[in-house]
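K.L.:
Quick one: this structure, given as structure tokens, is what I'll be asking you about.
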Amino acid sequence: MANAKRYIIADDLIEFFSLKHSDMYLQSFLNHSSESDHLNPIDCENFCKMFKHLRVLNMGSAVLDPYPPGLENLFHLKYLKLNIPSLKCLPSLLCTLSNLQTLDMPSSYVDQTPEDIWKMQKLMHLNFGSITLPAPPKNYSSSLKNLIFISALHPSSCTPDILCRLPNLQTLRVSGDLSCYHSGVSKSVCELHKVECLKLVNESKLSRMVLSEYQFPPSLIQLSLSNTELMEDPMPILEELPRLQVLKLKQNSYLGRKMACVGSGGFPELRILHLNSMYWLDEWTMGARAMPKLESLIVNPCAYLRKLPEELWCIKSLCKLDLHWPQTELRQRLRTFEDMEWRYDIQLYPCGI
Numbered sequence: 001m002a003n004a005k006r007y008i009i010a011d012d013l014i015e016f017f018s019l020k021h022s023d024m025y026l027q028s029f030l031n032h033s034s035e036s037d038h039l040n041p042i043d044c045e046n047f048c049k050m051f052k053h054l055r056v057l058n059m060g061s062a063v064l065d066p067y068p069p070g071l072e073n074l075f076h077l078k079y080l081k082l083n084i085p086s087l088k089c090l091p092s093l094l095c096t097l098s099n100l101q102t103l104d105m106p107s108s109y110v111d112q113t114p115e116d117i118w119k120m121q122k123l124m125h126l127n128f129g130s131i132t133l134p135a136p137p138k139n140y141s142s143s144l145k146n147l148i149f150i151s152a153l154h155p156s157s158c159t160p161d162i163l164c165r166l167p168n169l170q171t172l173r174v175s176g177d178l179s180c181y182h183s184g185v186s187k188s189v190c191e192l193h194k195v196e197c198l199k200l201v202n203e204s205k206l207s208r209m210v211l212s213e214y215q216f217p218p219s220l221i222q223l224s225l226s227n228t229e230l231m232e233d234p235m236p237i238l239e240e241l242p243r244l245q246v247l248k249l250k251q252n253s254y255l256g257r258k259m260a261c262v263g264s265g266g267f268p269e270l271r272i273l274h275l276n277s278m279y280w281l282d283e284w285t286m287g288a289r290a291m292p293k294l295e296s297l298i299v300n301p302c303a304y305l306r307k308l309p310e311e312l313w314c315i316k317s318l319c320k321l322d323l324h325w326p327q328t329e330l331r332q333r334l335r336t337f338e339d340m341e342w343r344y345d346i347q348l349y350p351c352g353i
């Protein structure tokens with residue numbers, strides 16, 4: 001083991017810490033054990049002293065509480081994954097890891113982040129349960145130009161001053177009370193000129209999102225909305241996005257009964273459309289030549305939807321259709337298409353067609 005470059009834990013992480021290890025040039029340590037072991041802070045500190053040459057450290061599901069001392073000594077780190085559910089404040093010492101490219105802490109909901117995070121110029125991926133970014137220092141002009149992925153950014157951080165410092169961001173998930181920070185979020189996402197994937201999750205049960213006040217960047221390829229409880233039909237706004245290929249309207253995203261893709265040639269690049277938890281949707285209409293490249297459609301459920309738009313059957317690229325809990329009238333309409341089993345992969349749930 002003295003010459004090992006990579007070490008993978010498959011079963012028992014605690015046993016590894018109980019053994020003595022020689023000082024070696026280990027570069028990758030990966031914990032793939034499914035056990036959520038609670039690690040002793042002293043063991044973690046000794047680990048960091050022993051393996052100072054690590055480039056990749058993935059502690060997997062092992063629980064760290066509190067934040068382990070000594071991590072700042074691993075200055076070669078490029079990838080770091082930690083499971084610290086109790087962490088609310090990101091330590092300043094963590095920001096001294098100037099070579100870090102990926103910081104993966106999906107169980108941490110951080111509401112205090114030091115200004116020094118803006119000095120981590122090599123950062124490419126930030127993955128948290130939630131993270132709040134601070135406003136850049138007034139005397140600091142640099143941006144995180146290499147950062148391409150953030151999940152999940154708290155909406156309080158969606159300000160022009162912050163988002164304009166993320167010029168190459170491609171994937172962004174925003175999660176929190178979208179209505180409370182509505183003005184900032186709605187006006188700031190358009191600053192992300194290179195963002196391709198945007199996910200908006202509303203965590204408030206007392207407020208709704210107003211889609212008409214949002215300005216989406218034309219670069220969007222994927223868009224997902226969850227718990228937004230829209231009262232207005234989102235389609236007339238979203239169908240204008242020129243590059244959108246994947247649209248997922250998830251849990252309680254739209255509460256209306258009618259949905260209309262009114263524009264001729266709307267959604268010119270859309271390939272995948274998911275309509276989930278639109279419990280009251282009973283009417284859906286489409287304009288001529290809308291969604292000309294649609295390939296896959298999932299509607300779950302469609303308990304009140306009486307029929308699908310006739311224009312759907314004119315889309316030559318459409319090959320997959322999943323309908324959950326369709327009412328009898330809709331089921332019978334589908335059976336009128338004699339060639340549907342040849343052209344379409346149609347799945348009806350809970351029972352097949």
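Here the sequence shown is numbered in full-length UniProt numbering, starting from 1 and rising by one per residue.
No residue lacks a Cβ here, since even glycine has one placed at the ideal position from N, Cα and C.
Measuring only the C-alpha atoms, how far is S277 from W325?
P.N.:
Spanning the two alpha carbons is a distance of roughly 11 Å.
K.L.:
Using 8 Å for Cβ pairs, my map puts L153 next to V174. What's the rounded Cβ distance?
P.N.:
Right, their Cβ atoms sit about 5 Å apart.
K.L.:
Taking C-beta to C-beta, are S219 and H193 nearer than 9 Å?
P.N.:
Contact flag set, yes.
K.L.:
Between the Cα of I84 and those of V262, H32, M120 and P41, spot the shortest distance and give me the residue it belongs to.
P.N.:
The shortest Cα separation from I84 among V262, H32, M120 and P41 belongs to P41.
K.L.:
I'd like the ranges of any beta strand (DSSP E) spanning at least 3 consecutive residues and lying wholly in the segment 165–205.
P.N.:
Runs found: 171–176 and 197–202.
K.L.:
Report the start-end ranges of each beta strand (DSSP E) in the segment 123–164 that is 3 residues or longer and not cut off at the edges.
P.N.:
Runs of the beta strand (DSSP E) inside the segment 123–164: 125–131 and 149–153.
K.L.:
For the alpha helix (DSSP H) containing T328, list its first residue and its last residue.
P.N.:
It spans T328 to L334 - the alpha helix (DSSP H) in which T328 sits, taken as one unbroken run.
K.L.:
Please state the DSSP three-state secondary structure of W284.
P.N.:
Three-state DSSP puts W284 in a strand.
K.L.:
May I ask you to report which of helix, strand or coil DSSP gives F29?
P.N.:
DSSP places F29 in strand when its eight states are reduced to three.
K.L.:
CA-CA distance, K5 and L198?
P.N.:
Near 37 Å, if we compare the C-alpha coordinates of L198 and K5.
K.L.:
Am I right that R208 and T228 are in contact with their C-beta atoms under 8 Å? What's the rounded C-beta distance?
P.N.:
The Cβ separation is near 7 Å, so the contact holds.
K.L.:
So N276 is in the alpha helix (DSSP H); what residue range does that whole segment cover?
P.N.:
N276 -> not in any alpha helix (DSSP H); beta strand (DSSP E) instead, spanning I272 to N276.
K.L.:
Keeping to the same chain, check which residues put their C-beta closer than 6 Å to that of L249; ignore five residues upstream and five downstream.
P.N.:
Excluding positions up to five away in sequence, the list reads L225 and L275.
K.L.:
Residues in its own chain within less than 8 Å of S107 by CB, not counting five upstream and five downstream?
P.N.:
If we look at S107 and ignore the five residues flanking it on each side, its Cβ neighbours are N83, I84, P85 and G129.
K.L.:
With DSSP run on the structure shown, which of helix, strand or coil describes S86?
P.N.:
Three-state result, S86: coil.
K.L.:
Which same chain residues, not among the five before or five after I131, have their C-beta less than 6 Å away from its C-beta?
P.N.:
Answer for I131: V110, listed in chain order.
K.L.:
Using only the alpha-carbon positions, how far apart do P134 and C158 sit?
P.N.:
Those two C-alpha atoms are separated by around 10 Å.
K.L.:
Among the residues of its own chain, which have a CB less than 8 Å from the CB of D65, if the five just before and after it don't count?
P.N.:
The answer, listed in chain order, is H38, I84, P85 and S86.
K.L.:
Looking only at C-alpha atoms, which of F51, Q101 and E72 sits nearest to K78?
P.N.:
The shortest C-alpha separation from K78 is found at Q101.
K.L.:
DSSP on K119, reduced to helix/strand/coil?
P.N.:
Helix at K119.
K.L.:
For T96, name the three-state secondary structure that DSSP assigns.
P.N.:
DSSP places T96 in helix when its eight states are reduced to three.
K.L.:
Here's the rule I'm using: 16 or more other beta-carbon atoms within 10 Å means buried, otherwise exposed. How should E196 be labelled?
P.N.:
E196 is buried by the Cβ-count criterion.
K.L.:
Taking the continuous alpha helix (DSSP H) assigned at K49, which residues delimit it?
P.N.:
Unbroken alpha helix (DSSP H) run through K49: P41 to M50.
K.L.:
Since L238 and L247 are thought to touch, with beta carbons under 8 Å apart, how far apart are those beta carbons, to the nearest angstrom?
P.N.:
That belief holds up - the Cβ atoms of L238 and L247 are roughly 6 Å apart, short of 8 Å.
K.L.:
Express the C-alpha separation of P167 and L71 in angstroms, rounding to a whole number.
P.N.:
Whole-angstrom Cα-Cα distance: 29 Å.
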